[in-house]
Amino acid sequence: MKAIWNGEVIAESEKTVIVDGNHYFPKESVNQKFLTDSSTHTVCGWKGTASYKSLNINGQINKDALWYYPDPKPAAVQIKDHVAFWKGVQITQ
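Reading the sequence shown from the start, the letters are residues 405 to 497 in the working numbering.
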């Protein structure tokens, strides 16, 4: 699977984990040069507290386009050290 935005492959892995219809990519498969920190956090009742990062590609910013659970609850342990994408990021094979 690949995560693509603004013409660049942000992440690529054969080992994504699907939860709630989202592909979670292993964090080591993500190209860190495209990421910028974000102070955004949200809470999911069964996964825990999510943290976000924004994408900065070719001068374009996609705020909070990537999320992850640094310390997921026990029911979501399979997505520890994984990230997911939204906000226009295409997930393809």
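Backbone N, C-alpha and C define an ideal beta-carbon position, used for all residues, glycine too.
Could you give the residue range of the beta strand (DSSP E) that holds F489?
H486 to F489
Indicate the three-state DSSP secondary structure (helix, strand or coil) for E432 in the structure shown.
helix
Could you compute how far the alpha carbon of Y473 sits from the alpha carbon of T453?
6 Å
For I408, collect the residues of the same chain with a Cβ closer than 6 Å to its Cβ; drop the 5 residues on either side in sequence, then sort them by chain order.
Q494
Identify which residue in T446, G411, Q436 and G492 has its Cα closest to the Cα of N466.
G492
Collapsed DSSP secondary structure at V447 in the structure displayed:
strand
K457 bridges to which residues according to DSSP?
Residue pairing by DSSP places K457 opposite D441 and L470 in a beta bridge.
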